[in-house]
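At position 132 of the sequence shown the residue is numbered 134 (the numbering used here), and the sequence of numbers has no breaks. No residue lacks a Cβ here, since even glycine has one placed at the ideal position from N, Cα and C. Heads up: the structure comes next, in structure tokens.
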Amino acid sequence: MTLSGNQPTWLTFDCYGTLIQWDEGLLAAMDAILSAKGKDIDRASFIAVYDRHEHELEQQKPHRCFKQVTALALQLAMKEFGLPFDIADADLLTSSIGRMPPFPEVVETLGKLKAAGFRLAIISNTDDAIIAGNVAQLGGFVDRVITAEQAEAYKPSPEIFRHAWKTLDIGMDDLVHICASPHLDLAAARELGFRAIWVDRGTGRKPLSDYRPNEIVPTLDKVPGLFAANGWMRLTRLETRHGS
């Protein structure tokens, strides 16, 4: 698949792992939490168990906010590893999420896309209060933020995407979605049929066996080049002068 169709008016983004350094930030947060427990626990194994509980909890009804999901997932993971849980552990995790920084190329790239005339939105499996700290680091280029808290649904549920499109007053042909998660965002793209670019940052996450995104890039700064090849980017005078 390749990008085709009308030029999108909106670009929608996954946040964590796409714009924000999720894996690195989560590892640092879990290291701080586990180091205080006095047991030698393999961080990768613990995070895998935490992730399993988090994704299971997100699909349960009634809807839980992400702060509740993270706390309960952390508590369940600690129980599996025989560790004592304290609510302060959960507070440390959620506060750490909001401080996670963007990838090095993200802010400049968002600025280029905004200058080219695109409107930018985030669709994220989180709460408004948690993501506010991350969005504050994105240079003021993001026009709208749609969260699971607002939609009362988590990816890969179609509900959060449909809520986002209704909020933005657009249809699927008016957007391109840019994301790093095959089993959340790309699973929804496969089901709903919207155009998607996968940012494969080499984390080892496997692509879906029965779906290929419209484009695959290693980092976000490759996206403007894809759009320029489609005639979707308006070069600024400075970019034209320097041939970039």
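Would residue i be called buried (16 or more neighbouring beta carbons within 10 Å of its own) or exposed?
i, result
"LYS114", "buried"
"PRO215", "buried"
"GLN23", "buried"
"GLY19", "buried"
"GLU58", "exposed"
"ASP16", "buried"
"GLU217", "buried"
Among residues of its own chain, excluding the 5 on either side of residue i, which ones have a beta-carbon nearer than 7 Å to its beta-carbon?
i, result
"ASP145", "ARG121, LEU122 and ALA123"
Identify the residues that DSSP records as bridge partners of residue i: which are they?
i, result
"CYS67", "Partner(s): none; CYS67 has no beta bridge."
"TYR18", "ILE22"
"LEU112", "DSSP output for LEU112 lists no bridge partner at all."
"LEU13", "LEU122 and VAL178"
"VAL219", "VAL201"
Can you give me the Cβ contacts of residue i inside the same chain, cut-off strictly under 8 Å, excluding the 5 residues immediately before and after it?
i, result
"ILE43", "LEU36, PHE83 and LEU85"
"ILE132", "PHE68, LYS69, THR96, ILE99 and GLY100"
"PRO158", "HIS185, LEU186, ASP187, ALA189, ALA190 and GLU193"
"ASP130", "VAL147, THR149, GLU151 and GLN152"
Identify, in the order they occur along the chain, each residue of the same chain with its Cβ nearer than 6 Å to the Cβ of residue i, setting aside the five sequence neighbours on each side.
i, result
"TYR156", "GLU60, ASN127 and ALA150"
"LEU177", "PRO10, TRP12 and THR14"
For residue i, which option in the options has the closest C-alpha, if you only look at C-alpha atoms?
i, options, result
"GLN139", "ILE180, ILE99 and TRP167", "ILE99"
"GLY142", "ILE125, VAL109 and PHE105", "VAL109"
"ASP53", "LYS63, LEU28, GLY40 and HIS65", "LEU28"
"GLY135", "LEU228, ILE49 and MET102", "MET102"
"VAL225", "TRP12, ILE180, PRO209 and GLY204", "ILE180"
"ARG66", "ALA90, TRP234, ASP91 and GLU154", "GLU154"
"ILE125", "PHE229, ILE199, SER6 and PHE163", "PHE163"
"THR221", "ILE199, GLY233, TRP234 and VAL51", "ILE199"
"SER6", "LEU112, ASP175 and VAL219", "ASP175"
Just verifying my parser: in three-state terms, what is the DSSP assignment at residue i?
i, result
"GLU107", "coil"
"VAL137", "helix"
"ARG2", "With the chain running from 3 to 246 in the structure shown, residue 2 is simply not present."
"ILE43", "coil"
"ILE172", "coil"
"ALA155", "coil"
"TRP167", "helix"
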